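For the sequence shown, counting from 1, position 375 maps to 379 in our numbering; every step adds exactly one.
In this text, a Cβ means the ideal position worked out from N, Cα and C, and glycines have one as well.
The structure displayed is predicted, hence computed values, not measured ones.
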Amino acid sequence: MRSLRVRLAVALCAFGAGATAQTALPVTLTVDARQAPLKILHIRMRMPVEPGALTLDYPKWIPGEHEPDGPIGNVTGLHFTANGKEVAWNRDPLDVFTFHLEIPAGVTTLDIAFDYIEGSSGEYTSGGSATDKLVDISWNQNVLYPSNVPATALPVQANLILPADWNYGTALPLDHRSGNELSFKTTNLDELVDSPVIAGAYYRELDITPPGEKIHHELDVVADSPAALNFPPALQTDMTNLVAETGKLFGGSRHYRDYHFLLTLSDHVAHFGLEHHESDDSRLPERTLLSPGGLRVVGEILPHEFIHSWNGKFRRPADLASAPFAAPMQDDLLWVYEGLTDFLGNIEATRSGLWTPATYRQFLATTAAELGPGRPGRTWRPLLDTAVAVPGMFENGQPQWRNWRRDTDYYEEGDLLWLEVATIMHDQSHGHKSLRDFLQLFYGGPNHGPELKTYTFNDLVAALNQVVPYDWAGFFNERLHSTAATPPLGGIENSGWKYVLDGEDARGAGDLAYSIGLIMGNDGTVADSIVHGPAYQAGVVPGMKVIGVNRRLYTPALLADAVISSRDVKTPIELLVANDDYLRTALVDYHGGPMAPRLERDRSKPDYLDEFLRPLAR
Ligand SMILES: [Zn+2]
5 MRSLRVRLAV ALCAFGAGAT AQTALPVTLT VDARQAPLKI LHIRMRMPVE PGALTLDYPK
65 WIPGEHEPDG PIGNVTGLHF TANGKEVAWN RDPLDVFTFH LEIPAGVTTL DIAFDYIEGS
125 SGEYTSGGSA TDKLVDISWN QNVLYPSNVP ATALPVQANL ILPADWNYGT ALPLDHRSGN
185 ELSFKTTNLD ELVDSPVIAG AYYRELDITP PGEKIHHELD VVADSPAALN FPPALQTDMT
245 NLVAETGKLF GGSRHYRDYH FLLTLSDHVA HFGLEHHESD DSRLPERTLL SPGGLRVVGE
305 ILPHEFIHSW NGKFRRPADL ASAPFAAPMQ DDLLWVYEGL TDFLGNIEAT RSGLWTPATY
365 RQFLATTAAE LGPGRPGRTW RPLLDTAVAV PGMFENGQPQ WRNWRRDTDY YEEGDLLWLE
425 VATIMHDQSH GHKSLRDFLQ LFYGGPNHGP ELKTYTFNDL VAALNQVVPY DWAGFFNERL
485 HSTAATPPLG GIENSGWKYV LDGEDARGAG DLAYSIGLIM GNDGTVADSI VHGPAYQAGV
545 VPGMKVIGVN RRLYTPALLA DAVISSRDVK TPIELLVAND DYLRTALVDY HGGPMAPRLE
605 RDRSKPDYLD EFLRPLAR
């Protein structure tokens with residue numbers, strides 16, 4: 005009985021200590037990023053505390069990343085001091101993100117110091133975030149917090165020290181700047197983590213507030229070179245259109261004070277987009293905006309992250325809105341959080357001019373192929389499971405066996421699914437209602453700044469039914485649990501188009517995934533081999549390297565030629581492949597010629613897709 009009493013006493017102390025929320029004093033956090041080019045940040049914190057047991061957490065479940073991937077392994081040089089004396093710490097053996105301390109009598113302030121090593125191999129924000137010329141600050145990587153105070157109730161006053169002459173962009177309201185030291189207004193920890201900062205030697209900002217829009221919108225960009233900031237003028241026009249289009253889409257409802265697109269252009273950072281309520285954190289290769297297809301790439305990421313301000317930040321599945329950052333998230337509604345966002349992002353990319361309608365149609369065709377013949381894994385793994393399993397296997401970053409694993413299909417399948425929803429709403433209401441009516445109902449309301457309103461599956465279904473009565477629960481459940489080999493093509497078909505996979509649009513050998521069933525990496529490496537496809541049947545699997553084609557040394561052109569002429573020859577394509585360091589011959593019995601997915605107009609129906617893609621704001 006003794007041990008129980010001791011444990012109880014410790015537990016009570018833990019609730020009594022570190023009662024920061026009850027005091028007016030904020031935690032102060034200073035991130036010294038002057039050595040960011042050397043890939044190390046120096047963090048200092050001052051935290052009001054009370055004597056007794058204190059438990060501190062490092063953020064573990066990262067919003068938007070949907071998994072427990074806080075980069076705890078990059079926390080180094082950790083020291084706690086009180087009144088100038090070192091305070092001992094222990095890491096929790098059952099949760100390595102948690103630290104236990106005993107605050108001595110008479111102590112009211114704890115000083116915390118640690119270094120954060122800028123990672124290079126992690127995913128998303130844990131991946132590369134600092135180069136010689138720039139840094140992307142994700143505050144969750146640079147903070148510890150008392151485990152007994154909700155992040156939404158913990159006041160934090162953050163400071164950032166930058167290398168001399170660097171500039172910065174963020175949605176976090178600034179209190180004052182003194183040289184290279186930025187002092188931000190006190191906010192709560194949840195909002196701080198939701199407000200990253202990008203900074204660098206080469207910085208440019210564009211005002212993208214459309215005429216008549218009361219809320220300020222800007223695009224802040226840091227890059228590894230001044231040349232990378234030499235944007236085509238269309239960028240400002242299209243991004244301004246994007247802001248205007250979202251105004252029409254959501255009936256003028258916005259849920260932020262102002263919005264900052266934060267874009268990092270570097271070959272030395274991880275490439276992704278991450279949503280926040282009043283900004284995004286998007287990172288693309290350095291020369292993206294100097295390249296001919298640059299605006300198309302921007303259109304893949306920035307509209308998606310912007311839509312998240314409504315769908316994901318303002319409205320969030322209740323299961324995903326667990327107490328930040330220690331409570332596990334449940335990802336079962338990611339087909340709404342990410343799927344609907346992906347759909348709306350691509351629609352808005354097209355309406356704003358970043359994409360053309362032809363780009364959008366090609367995206368739909370490619371998606372239908374990737375999720376159809378390119379995804380045999382759908383015969384064992386339903387769409388819902390691709391969402392539910394995220395905390396254990398988010399993307400895993402590898403193309404190998406993706407066709408059989410399935411990966412994060414709730415993004416792209418969400419595009420097909422929500423297009424079908426849009427067409428059903430249009431058809432069932434005989435054109436009187438549209439998806440926009442649902443969006444304005446579900447995501448509308450007054451602007452209170454960053455605000456969270458959670459929802460459940462039943463709330464979603466009820467809102468859809470309020471706009472257009474239909475068996476929405478049955479519709480979603482059928483698609484979420486299906487193990488059919490074909491993806492949902494109803495949206496494409498209802499909107500006046502047909503998905504076709506043939507050789508008509510194939511340039512050269514077309515897409516090898518849909519002919520011989522191979523996705524080739526560099527140097528002949530097999531990135532993926534479609535399970536049960538011709539190459540797979542011949543014993544070619546991911547990770548092998550193609551050395552020869554029809555008894556000649558492999559080149560991409562030789563393999564393409566073999567596929568192009570496959571219709572005219574009766575013999576199989578002979579591949580010499582290396583499996584580890586053993587050689588084997590594979591006979592790929594394929595005679596269908598080049599293949600490529602495309603959409604073909606179905607003249608028996610009106611072109612609702614064309615109508616749907618038209619700009620609303622111009
Ligand atoms: Zn997203």
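Return the CA-CA distance between GLU416 and ALA373, expressed in angstroms with no decimal places.
-> 11 Å
If you check the beta carbons only, do LYS700 and ALA274 fall under 8 Å apart?
-> Any answer about residue 700 is impossible in this case: the structure gives the chain only from 5 up to 622.
Taking 7 Å as the line, does the beta carbon of GLU279 fall inside it for any heavy atom of ligand 1?
-> yes
When the Cβ atoms of the stretch 408-427 are set against those of the stretch 382-393, are three or more pairs found closer than 8 Å?
-> yes
Kindly give me the distance between the Cβ atoms of LEU348 and ILE305, rounded to whole angstroms, as I take these residues to be in contact under 8 Å.
-> Actually they are not in contact, since the Cβ atoms of LEU348 and ILE305 sit about 14 Å apart, beyond 8 Å.
When we look at the beta-carbon of MET397 and count the other beta-carbons within 10 Å, is it buried (16 or more) or exposed?
-> exposed
What does LYS502 pair with, by DSSP beta-bridge criteria?
-> GLU604
For PRO52, which option in VAL153, ARG319, GLU508 and ASP136 has the closest C-alpha, if you only look at C-alpha atoms?
-> VAL153
Using three-state DSSP, classify ARG440 as helix, strand or coil.
-> helix
Can you tell me whether DSSP reads GLY110 as helix, strand or coil?
-> coil
Comparing alpha-carbon positions, which option in TRP359, ASP140, SER270 and ASP509 lies nearest GLY297?
-> TRP359
Proximity test, GLU185 beta-carbon vs ligand 1 heavy atom, cut-off 7 Å = no
Which word fits ALA561, buried or exposed, when buried means at least 16 other C-beta atoms lie within 10 angstroms of its C-beta?
-> exposed
Would the C-beta of GLU342 count as close to ligand 1, meaning under 7 Å from any of its heavy atoms?
-> yes
Going along the chain, which residues of its own chain have a beta-carbon closer than 6 Å to the beta-carbon of HIS180, five neighbours each way excluded?
-> SER187
HIS308 Cβ short of 7 Å to ligand 1 heavy atom set = yes
Integer-rounded CB distance, given that PRO538 should sit under 8 Å from TYR594 | 4 Å
How about ASP140 and ASP285: are their beta carbons less than 8 Å apart?
-> yes
Assign PRO41 to one of three DSSP states: helix, strand, or coil.
-> helix
Using DSSP with H/G/I as helix, E/B as strand and the rest coil, what is PRO307?
-> helix
Which word fits PRO236, buried or exposed, when buried means at least 16 other C-beta atoms lie within 10 angstroms of its C-beta?
-> exposed
Is there at least one non-hydrogen atom of ligand 1 closer than 7 Å to the beta-carbon of THR412?
-> no
Can you name the start and end residues of the beta strand (DSSP E) that PRO598 belongs to?
-> Element bounds for PRO598: n/a, residue is neither H nor E.
Inter-stretch contact (C-beta, 8 Å, three-pair minimum) for the stretch 332-340 and the stretch 255-270 = no
Can you tell me whether DSSP reads ASN78 as helix, strand or coil?
-> helix
Report buried or exposed for PRO450, applying the criterion of at least 16 other Cβ atoms within 10 angstroms of its Cβ.
-> exposed
Count the other CB atoms, across all protein chains shown, that sit within 10 Å of the CB of ALA232; report buried if there are 16 or more and exposed otherwise.
-> buried
Any non-hydrogen atom of ligand 1 within 7 Å of HIS312 CB = yes
Once you ignore the five residues that flank ALA467 on each side, which residues in its own chain have a CB closer than 7 Å to its CB?
-> PHE442, LEU445 and PHE446
Only counting runs of 3 or more residues, tell me where the beta strand (DSSP E) segments fall wholly within the stretch 337-371, in order along the chain.
-> none
Do you know how far the Cα of GLU482 is from the Cα of VAL553?
-> 44 Å
Kindly indicate which three-state DSSP category ASN554 falls into: helix, strand or coil?
-> coil
Going by alpha carbons, who is nearest to HIS264 out of GLY357, ALA134 and VAL225?
-> VAL225
Any idea what DSSP makes of ASN234, helix, strand or coil?
-> coil
Residue burial classification, SER356 (beta-carbon count within 10 angstroms, cutoff 16) = buried
Spatial neighbours of ASP611 in its chain, beta-carbon cut-off 6 Å, leaving aside the 5 residues before and after | GLY500
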